[in-house]
Amino acid sequence: MGFFDKDFFEILSAETVSLFGGLVVGTILLIYTGEFLLIPGMLILLPGFFELRGNISGSFAARLSSGLFLGVIDPYHPGKRIIGQNLLASFLLAIVVSLALGLIAFLFIYFAFSTVYPRILLISVIAGVIANAIEIPLTLYATFILFRKGHDPNNIMGPFVSVSGDVISLFALIIAVLVV
4 MGFFDKDFFE
14 ILSAETVSLF
24 GGLVVGTILL
34 IYTGEFLLIP
44 GMLILLPGFF
54 ELRGNISGSF
64 AARLSSGLFL
74 GVIDPYHPGK
84 RIIGQNLLAS
94 FLLAIVVSLA
104 LGLIAFLFIY
114 FAFSTVYPRI
124 LLISVIAGVI
134 ANAIEIPLTL
144 YATFILFRKG
154 HDPNNIMGPF
164 VSVSGDVISL
174 FALIIAVLVV
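Below, the structure written as structure tokens:
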């Protein structure tokens, strides 16, 4: 097996896309920084919220990949029980952590600045629901498609869910801020 084998190019391609996607998300975030600064606690919420999507979806993709490689999950006729349980667990975990992040931001601005801004909880939960409703099914389908096409999802899905999670989270936060 050579140094520049199929795995190397899969990883290199995924990391390159992730790098450029991160630059795009950073640029969009820069454009909306003024609006986000007007919301008390938003800068406390942002780092954890961006990390949340990639971490939960990355674990979800890894569990799916393991099931596919072990033969527990059929890539063409996936069992609904194991995938349904993983979908539900990923979604509930993301909602609970979104609520916890909102609570941390709320408590921080309350104790640090004596400001009561309960809308930060709503922003966090609404953005979490929107982002997870998009990111988790996207992760599911992308993992299956990559596996069916002969790629190793473990090489690609980490950077993919990282950048897609950032993009989706940013737009979900913007939507949640506009709604609240």
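In the working numbering, the protein residues as written are 4 to 183.
We put the beta carbon where it would ideally sit given N, CA and C, even for glycine.
If you're wondering where the values come from, they're calculated on a predicted model, not measured in any experiment.
Between the CA atoms of residue j and residue i - distance to the nearest angstrom
i, j, result
"residue 153", "residue 102", "38 Å"
"residue 106", "residue 114", "12 Å"
"residue 99", "residue 134", "13 Å"
"residue 117", "residue 43", "11 Å"
"residue 8", "residue 15", "11 Å"
"residue 144", "residue 165", "16 Å"
"residue 36", "residue 141", "27 Å"
"residue 110", "residue 40", "17 Å"
"residue 84", "residue 74", "15 Å"
"residue 27", "residue 167", "11 Å"
"residue 97", "residue 56", "8 Å"
"residue 25", "residue 95", "26 Å"
"residue 82", "residue 178", "34 Å"
"residue 76", "residue 137", "22 Å"
Check whether residue i and residue j have beta carbons under 8 Å apart
i, j, result
"residue 23", "residue 78", "no"
"residue 163", "residue 17", "yes"
"residue 139", "residue 13", "no"
"residue 157", "residue 68", "yes"
"residue 59", "residue 21", "no"
"residue 104", "residue 150", "no"
"residue 169", "residue 10", "no"
"residue 38", "residue 180", "yes"
Any non-hydrogen atom of the ligand MG within 7 Å of residue i CB
i, result
"residue 47", "Ligands displayed in this structure: none; no statement on the ligand MG is therefore possible."
Check your understanding: Does the count of Cβ pairs from the segment 81-93 and the segment 119-133 closer than 8 Å reach three?
Key -> no
Review point. On the three-pair Cβ rule with 8 Å, is the segment 28-35 touching the segment 171-180?
Key: yes
Check your understanding: Does the segment 38-54 come close enough to the segment 114-123 that 3 or more CB-CB pairs lie under 8 Å?
Key -> yes
Practice item. Could you pull out every unbroken beta strand (DSSP E) segment of at least 3 residues lying fully inside the segment 79-158, listed in chain order? Key: none
Exercise for review: Tell me the start and end of each unbroken alpha helix (DSSP H) in the segment 21-67 that is at least 4 residues and wholly inside, in chain order.
Suggested key: If we require 4 residues or more, the alpha helix (DSSP H) runs fully inside the segment 21-67 come out as 36-40.
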